Structures are given as C-alpha cells and as structure tokens.
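One structure is given below, encoded as structure tokens.
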Amino acid sequence: RGMEMTMNEKKFIEHALLAELRVDGRGPLEYRKLNIKFGRNDGSAEVQLGETRVMSYVSAQLVQPYR
C-alpha cells in the first residue's frame, strides 16, 4: 500500500499542471532528447534519454531443440 500525498504535494502538482510547468523546464508536450548508439560488437548498444544513460549487451546461442 503506497503512501498518500500531502495536501501541499497535491497543490504543487495541480499548480504545475495548470501552469504547464515541468521540473526540468520542458513544456507539457515536449519529449526528452533520445539518442541510440549501436556498439561495434554485435549485441551492444547505448541509449540516452535526457540525462538517463543505459549501456547494454545481449548474447545468444543457437542450440538444437529438445525432442
């Protein structure tokens, strides 16, 4: 069970929505900048969404199915 918001938190969110404000300065319909880079090695990639950055690597192996 989550914590309930205080009256001040509710008023802050309501004011921000009515004023079309976001904490990071973007407008209500603006997206964060998206950047995707594929690495030199197969299966590696870097994704950046605003200030959030994720690096990943996946691998797989082909095997004969069970009978």
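Each residue of the sequence shown is one higher than the one before, starting from 2 at the first, in this note's numbering.
Beta carbons are placed, not taken as given, at the ideal position from N, Cα and C, and that holds for glycine.
Because the structure is a prediction, the values reported are computed rather than measured.
- Secondary structure note for M6: it is in no alpha helix (DSSP H), with a DSSP letter that is neither H nor E.
- Cβ neighbours of I37 within its own chain (closer than 7 Å, five residues either side excluded): A46, V48.
- Listed in chain order, the non-local C-beta contacts of R33 below 7 Å within the same chain comprise L50, G51, local neighbours out to five positions each way being set aside.
- In the three-state scheme derived from DSSP, where H, G and I count as helix and E and B as strand, A17 is classed as helix.
- Judged by DSSP in its simplified three-state form, K34 adopts coil rather than helix or strand.
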